[in-house]
DNA sequence: CCGTATCCCAGATGATACTG
DNA sequence: CAGTATCATCTGGGATACGG
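Chains as they are written, first to last, in the working numbering: chain A, 37 to 158; chain B, 37 to 158.
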């Protein structure tokens, strides 16, 4: 395929040194829950409860943790409304939406190929 | 952005149910080392020793484990030559190369934005 | 040179209960 | 509703030593 991997190599011969920003962000985004939460938010603004149900299997702890990480990365924006009962909404930031233009094609590929891969058949 | 996320939703309202093939493959590919190893292999066929040095910080255990997983997923092909001393080469399969066409743009985005994100500045 | 086997730990994750 | 706190767990991951 020979993509512009050379561009990446230009910065770092050793595929991003241990602990460099690229690896950190990669871990946030590519982590078990990061992708799924981002995916859920690409539908648009979502409330906590909706996210929790949308991302099947996630615990409250991991949802909170994942959201906080992504918010810290400037990929997700949190908006709390001073109401009773509380209402909090999460949405992608501009940067988050930009990321999704790259992330969604990948997820689609995985979704298309996952059955073949796991099933063992090709 | 409103991408074709609807396509994905068509299969699974709950963003891929817990333990479904998509999530499994996603974890393999997106794991801490999966991306980096695949990236190293997108340069072309590589020997074990080269990979170990290329993916800075990876332990022998994780390299072996990651390669085995990716091989099991049909993304990486392993070729052992009956020589002394042993020589073993790893390369992307066709499916692996196909995956990289989606994965590399994402990694490039991350590399481009990582400094902003981690540094906190925008 | 190319791994595999073993031990061990930290952090990731899960379950549950509780608060604003 | 939207979390936080706490405790228990479990697996990823590192270090090391050894085998083919």
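Virtual Cβ for every residue (Gly too), placed ideally from N, Cα, C.
So the alpha helix (DSSP H) residue i belongs to, where does it begin and stop?
i             : result
residue 147/A : 130–155
residue 102/A : 96–108
residue 91/B  : Run containing residue 91/B: none; DSSP gives neither H nor E here.
residue 58/A  : 57–66
residue 76/A  : 70–77
By the DSSP assignment, the beta strand (DSSP E) with residue i in it spans what residues?
i             : result
residue 120/B : Run containing residue 120/B: none; DSSP gives neither H nor E here.
Ordered along the chain, which non-local residues of its own chain (more than five positions away) have a Cβ less than 7 Å from that of residue i?
i             : result
residue 157/A : Unreliable positioning characterises residue 157/A in this predicted model, as indicated by a pLDDT of 47, which lies under 50. The coordinate reading is nonetheless provided below. If we look at residue 157/A and ignore the five residues flanking it on each side, it has no Cβ neighbours.
residue 76/A  : 82, 87, 90 and 91
residue 120/B : none
residue 136/B : 74, 78 and 128
residue 131/A : 110 and 111
Tell me which same chain residues have a C-beta within less than 8 Å of the C-beta of residue i, skipping the five on either side of it?
i             : result
residue 117/A : 123, 124 and 125
residue 71/B  : 65, 139 and 143
residue 155/A : none
Does the distance from the C-beta atom of residue i to that of residue j stay below 7 Å?
i             : j             : result
residue 110/A : residue 129/A : yes
residue 57/A  : residue 127/B : no
residue 115/A : residue 73/A  : no
residue 142/B : residue 51/A  : no
residue 187/A : residue 106/B : In the structure as shown, chain A starts at 37 and stops at 158, and residue 187/A therefore has no counterpart that could be examined.
residue 93/B  : residue 54/A  : yes
Report all residues from its chain with a CB closer than 6 Å to the CB of residue i; omit the five preceding and five following residues, and keep chain order.
i             : result
residue 85/A  : none
residue 113/A : 127 and 129
residue 98/B  : 69
For this session: Select from the stretch 81–101 of chain A all residues with a C-beta closer than 8 Å to any C-beta belonging to chain B, and list them in chain order.
Result: 89, 90, 91, 92 and 93
For this session: With 9 Å as the C-beta to C-beta threshold (strictly closer), list the residues of the stretch 108–142 of chain A near chain B in chain order.
Result: Listed by position, the residues of the stretch 108–142 of chain A near chain B (Cβ gap below 9 Å) are 108, 109, 110, 111, 128, 131, 133, 134, 135, 136, 137, 138, 139, 140, 141 and 142.
Exercise. Between the stretch 55–69 of chain B and chain A, which residues of the former have CB atoms less than 9 Å from a CB of the latter, in chain order?
Worked result: Residues 55, 56, 57, 58, 59, 60, 61, 62, 63, 64, 65, 66, 67 and 68.
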